[in-house]
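Reviewing the structure listed below.
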Amino acid sequence: MTTQPTPQSSPIKIDPKAIQATVIRYVVPTLVGVLVSLAAKAGFNLSPAQAFGIVAPAVGTVYSTVAHYLEAKFPALSRLLGATKPASLTK
Numbered sequence: 034m035t036t037q038p039t040p041q042s043s044p045i046k047i048d049p050k051a052i053q054a055t056v057i058r059y060v061v062p063t064l065v066g067v068l069v070s071l072a073a074k075a076g077f078n079l080s081p082a083q084a085f086g087i088v089a090p091a092v093g094t095v096y097s098t099v100a101h102y103l104e105a106k107f108p109a110l111s112r113l114l115g116a117t118k119p120a121s122l123t124k
């Protein structure tokens, strides 16, 4: 019985700075959602459940979606996500 040789694959090299940038790109829309929900809670007399359970995730999702769309069209707008350039996790 012969065995097939296994192909040698090169290990993926992860760039730690890219991971940091990805975390920042995730945190910025979340913070925007939280800040808007705090303002909505104060201005519209919302309960904490309404503010942080509905407003924060909705605003964060919309902000992130719009920012990623604009970044795809205009890479310089990656600053909307807290980054200086679009993220890439591999070197």
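Numbering of the sequence shown is given in the working numbering, commencing with residue 34 and proceeding in unit increments. Don't be surprised by glycine CBs; every beta carbon is placed ideally from N, CA and C.
Check: For proline 108, count neighbouring Cβ atoms within 10 angstroms of its own Cβ and tell me buried if that reaches 16, exposed if not.; Outcome: exposed
Check: What is the C-beta distance between glycine 93 and proline 62, in whole angstroms, given that I count them as a contact (C-beta under 8 Å)?; Outcome: 5 Å
Check: Do you know how far the Cα of alanine 72 is from the Cα of valine 60?; Outcome: 18 Å
Check: Looking only at C-alpha atoms, which of Pro49, Leu103, Arg112 and Tyr96 sits nearest to valine 67?; Outcome: Tyr96
Check: Is it buried or exposed for alanine 89, if we count other Cβ within 10 angstroms and need 16 for buried?; Outcome: buried
Check: Can you tell me where the alpha helix (DSSP H) holding isoleucine 57 begins and where it ends?; Outcome: 49-77
Check: Is leucine 113 closer than 8 Å to alanine 100 when the C-beta atoms are compared?; Outcome: yes
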